[in-house]
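Residue numbers (the numbering used here), protein chains in the order written: chain S, 230 to 391; chain B, 16 to 436.
Every residue, glycine too, gets a C-beta built ideally from N, C-alpha and C.
Written out below as structure tokens is the structure these notes cover.
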């Protein structure tokens, strides 16, 4: 169960992690400044298991992988958005940050709501408003990739087992 | 089967006769590039893959341009880490201060981005090389690491959208920057999400290579996977004596399928200014007239080429930058810098009261060399005006072409160039 942090449309990667902090790629350093230019209260107060919900085109702008790394290092369980920018989408999966596209859910979730999300089935349960939404679940290999922590550990694991 | 230029390049690099939008393919890469912000993450991931050597030492470019010349100790550590990797791996195209330029100005200039190429870069503005008729797209560091290791990347073949520019009667001072800002204003920052933006028509043919680079550079600001312009005589002239490899030109078939086709008459497009805080907030320059600014930036991978500097110098000649304004100029590469020196452009600018820097991405992304204080406003020839992009989260960035930037630096507020001439 996680608490919702809600943002609007076109949240860009400069808001997710401002370039002034890109002189290091350490996850803890990036997490400390995550969403800083959008909501100063986010980084100090976000708890492991919390959920980030946003409008269309989340993660637009720069290709910096530091953006999903920062969100993941904050302990965010999943990002739910109406849609994702192309590079952010690939980056999130590659580093093992779960993301779901579900416009209906975004419309039916408010800041502070408590949710449970089942990544396997794609079901989003809004406990606060007592509503349920269905996102497209990821195919099994993608779920394994996320579980492994991203593309590199996934490939290494397969090499070991293969 | 009929295909677009983007589909043909992807099919060619996937070893297939044809591809269709939505198809997942694995393509061979002609160039893999990263900068001082994205390369450290990519190198660490590359090492996690368990790879010893990059796939081809000639097909990797590492350009230290974002926070370089090193702005602080942490940035210096990142650059040092990349340098050690580049030397160990014997990377052919490793560039640091002195030979470095802004990556998307530098690599075409060096003749290593060519028509028909398939290129990935850990920098979103990698789409710039589409101006040469290449498929080039930005990726994150992990995708780049996989490219470094294998020389391949997987793609979902994008749908193409054609943007036809009719006519050649451009309004005075209108450039490639205005065309692309106008399009982004029409379709929005996600208007071409996941798609290929193909720019055609006599309006595009009439533009110089520098202007074409500017247009393809900002395809990402509409969410596109790539921007592309088919090669023509101007492209071949640009490549003559420059191209380091042989290359193949691809062209869209007459009956190629597009998800959408949009037509514009270039005569209808006025000088554009994008208001904070999204590149889609575009207006006619007249609507921005009178906005007071604190800083003007001319440069970046969008507008740091010789023609951009020429236009700015033409306006600044025998004039003075407004005393309340800081005008910062960033030539895109050392070669552009030297050319500007030879033509007297740098002298004109310094005489006018501009600060001219060695090439760097610098203030474009709020890195260094021109950060804004709280409440300050900048007018810039760069590509993004997001919240906090050039400094304090409560600062503002307006985007425009080099002519509007130079004229506004003289006036101290945003103006049409005709107002100062």
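Here DSSP, grouped into helix, strand and coil, assigns residue 335 of chain B to coil. In this structure, the straight-line span from the alpha carbon of residue 314 of chain S to that of residue 291 of chain S is close to 10 Å. Listed in chain order, the beta strand (DSSP E) elements of length 3 or more contained wholly in the segment 72-148 of chain B are 75-78, 108-110, 133-137. Contact between the segment 299-306 of chain B and the segment 316-327 of chain B is absent: fewer than 3 CB-CB pairs across the two stretches fall below 8 Å. Check the Cα spacing between residue 333 of chain S and each of S:383, S:353, S:262: the tightest is with S:353. For residue 354 of chain B, the enclosing alpha helix (DSSP H) begins and ends at 349-357. No residue range can be given for residue 399 of chain B, since it is assigned to no alpha helix (DSSP H) and is classified by DSSP as neither H nor E. For residue 230 of chain S, no beta strand (DSSP E) segment is defined, and its DSSP state is neither H nor E. A distance of 9 Å or more separates the beta carbons of residue 400 of chain B and residue 324 of chain B. Nearest C-alpha to residue 98 of chain B among B:77, B:117, B:118, B:87: B:77. The segment 117-132 of chain B makes no contact with the segment 349-363 of chain S: fewer than 3 CB pairs, one atom from each, lie closer than 8 Å. With its beta carbon less than 9 Å from one in chain S, residue 55 of chain B belongs to the interface.
Rounded to the nearest whole angstrom, the C-alpha separation of residue 136 of chain B and residue 118 of chain B is 10 Å. Using a Cβ distance threshold of 9 Å, residue 322 of chain S and residue 374 of chain S count as a contacting pair. Considering only beta carbons, the part of the segment 289-304 of chain B lying closer than 8 Å to chain S consists of 293, in chain order. By the criterion of a C-beta distance shorter than 7 Å, residue 423 of chain B is surrounded in its chain by 308, 311, 394, 429, 430, once the five residues flanking it on both sides are discounted. Within the same chain, and ignoring the five residues on either side of residue 315 of chain B in sequence, the residues whose Cβ sits closer than 8 Å to its Cβ are 117, 345, 347, 376, 379, 395, 396, 397, 398. For residue 293 of chain S, no alpha helix (DSSP H) run applies, since DSSP gives it neither H nor E. Using a CB distance cut-off of 9 Å, residue 386 of chain B counts as an interface residue toward chain S.
Burial is judged here by how many other beta carbons sit within 10 angstroms of a residue's own beta carbon; residue 82 of chain B has at least 16 and is buried. For the segment 201-218 of chain B, the set of residues with a beta-carbon nearer than 7 Å to any beta-carbon of chain S comprises 204, 205, 208, 209, in chain order.
Taking 8 Å as the upper bound for CB-CB distance, residue 57 of chain B and residue 122 of chain B are not in contact here, some 17 Å apart. Here residue 146 of chain B really is in contact with residue 224 of chain B; their C-beta atoms are around 7 Å apart, less than 8 Å.
At a cut-off of 9 Å between beta-carbon atoms, residue 373 of chain S makes no contact with chain B.
Within the DSSP secondary-structure output, residue 406 of chain B pairs in a beta bridge with B:387. If the five residues before and after residue 341 of chain B are omitted, its C-beta is found closer than 6 Å to the C-beta atoms of 310, all from its own chain and listed in chain order. When C-beta distances to chain S are compared with 8 Å, the residues of the segment 151-162 of chain B below that value are 153, 154, 155, 156, 157, 158, 160, 161, in chain order.
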